[in-house]
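Here this note's numbering is used: the first residue of the sequence shown is 329, the next is one more, and so on. Beta carbons: idealized from backbone N, C-alpha and C, even for Gly. Computed from a prediction, not measured in an experiment: that's the story for all the values here.
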Amino acid sequence: MKFFANAALFAAASAAAISQRESTVFSVSDFSAGCIPHSTQCAYGFSVIQPGTMETTPVNCSALVQGAGGLLPDVKDAPCKESSRTFSVTRSADGLTLSVSQPVTPSSNQTGSHLIPNDELVTSNQPNAFVQSYAGPRSFDLTA
Numbered sequence: 329m330k331f332f333a334n335a336a337l338f339a340a341a342s343a344a345a346i347s348q349r350e351s352t353v354f355s356v357s358d359f360s361a362g363c364i365p366h367s368t369q370c371a372y373g374f375s376v377i378q379p380g381t382m383e384t385t386p387v388n389c390s391a392l393v394q395g396a397g398g399l400l401p402d403v404k405d406a407p408c409k410e411s412s413r414t415f416s417v418t419r420s421a422d423g424l425t426l427s428v429s430q431p432v433t434p435s436s437n438q439t440g441s442h443l444i445p446n447d448e449l450v451t452s453n454q455p456n457a458f459v460q461s462y463a464g465p466r467s468f469d470l471t472a
């Protein structure tokens, strides 16, 4: 009887671990984002890898985009270097959502996302330069 109870407990714990692992689509490292003082440009940059695969070399993603009054702007399907992956950034009331996508078939993509909350975005009012930048962790996971 104890054997079956332990087996059931082990199965439930294993399923939870697998479920959590499966929900991580991509892992991001070296993330940075910021608007350039005395410029209309903002930059995003990071490396991304797909955990649980044979991928060992991160893909580099970056974009230099037109700012929105010193605030980090939206980005739509910016290409990552030497990869079919793209990334997007979307602003909402809660913060910025970073999404990375890669084609799986000609008609479908695999996408992972991460919310960057407003408290990880800082705005500095340097002399004559109102600019926003990212001040959160440099590494995080993108989930389905």
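Bridge pairing for T433: S436 [DSSP].
Secondary structure remark: continuous beta strand (DSSP E) runs of at least 3 residues inside the region 438 to 465, in chain order: 449 to 454 and 457 to 462. The alpha-carbon separation between F354 and P379 amounts to approximately 6 angstroms. The residue from E383, S416, C370 and N388 with its alpha-carbon nearest to that of Q394 is C370. Considering only M382, T414, V450 and T381, the residue with the shortest C-alpha distance to F374 is T414. With distances taken between CA atoms, E448 lies nearest to A361 out of A361, S357 and T352. Linking T384 to I377 through their CA atoms gives a straight-line distance of about 7 angstroms. Closest option to P386, judged by alpha-carbon separation, among L443, F359, G397 and V417: F359. In this structure, DSSP gives S467 a state outside helix and strand, which the three-state scheme calls coil. The residue from D405, N446, S357 and P445 with its alpha-carbon nearest to that of S429 is D405. For P379, no beta strand (DSSP E) run applies, since DSSP gives it neither H nor E.
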